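Just so it is clear: in the sequence shown, position 27 is 19 by the numbering used here, and no numbers are missing.
Don't be surprised by glycine CBs; every beta carbon is placed ideally from N, CA and C.
Only a predicted model underlies this, so the values are computations on that prediction, with no experimental measurement involved.
Below is one structure, written out as structure tokens; comments come after it.
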Amino acid sequence: MERTVSAPAGSDGSAMIGSHGMAYRDDRDALEYRVRELESENRLLREQLAAERSARRAVVAARDAARAKRVRGACAFCGGTLLPVAMFAGHDVANPLPLGISTLRFGDPKGGFTHFAPVRAFACTSCGFLHPFIDMDPGDLPMEVRASEEDPQPDDEEEA
């Protein structure tokens, strides 16, 4: 019959569990060491994940830029060059209203107005056809539109 005897606490504050056991402090140190290893590994994995995500974003941005260049590069009817133009509503030249469309999600049970997408356009330099499109990029929401000082003001003579 084997008997374990507890030893008194040592000068380092550790107490023996038994004659065949491990010191409590050594066990705690081993756990703390393992936690530090896991935290280090976690930090490394987070850095790798961030690098992979940024690389993916760069690939997607390059693909989208190439697609946009292909799609918006030429007129669909005559093959002419497209230039960006502004589309506004209203009769007041000093305070034009930017055009926008609600991109309501029809499956949303709450319904309502969920996102505002501005209407953009390109005009063909050859045939003059307008190519409007909805800009769904959330980072490109319309800002306040103000007329510049150089805008021509209608003369009273031209209206009469």
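Counting only the same chain and skipping the five closest in sequence on each side, list residues whose C-beta sits under 7 Å from that of residue i.
i    : result
C119 : C67, F69, C70, G72
G82  : P88, L89
Between residue i and residue j, which are expected to be in contact by the criterion C-beta below 8 Å, what is the C-beta distance as a whole number of angstroms?
i    : j   : result
G92  : P76 : Contact doesn't hold; Cβ gap of about 17 Å is too wide.
A115 : L74 : 7 Å
So the beta strand (DSSP E) residue i belongs to, where does it begin and stop?
i    : result
F121 : That residue, F121, is in no beta strand (DSSP E); it is neither H nor E in DSSP.
P76  : 74 to 77
Just to confirm my understanding: we take residue i, look at its own chain, exclude 5 residues before and 5 after, and list those with CB closer than 8 Å. What are they?
i    : result
A113 : P76, V77, A78, M79, L122, H123, P124, F125
F98  : Reliability fails at F98, whose pLDDT of 48 lies under 50, so the model's placement of it is uncertain and no value is given.
In the DSSP assignment, what residue or residues form a beta bridge with residue i?
i    : result
R112 : F125
L89  : A81
A66  : T73
Return yes when the C-beta of residue i is under 7 Å from any heavy atom of the ligand SAM, and no when it is not.
i   : result
L91 : Here there are no bound small molecules, and the ligand SAM is not part of this structure.
Ordered along the chain, which non-local residues of its own chain (more than five positions away) have a Cβ less than 6 Å from that of residue i?
i     : result
M(-7) : No answer about M(-7) holds up, because its pLDDT of 48 lies below 50 and its placement is not dependable.
G65   : none
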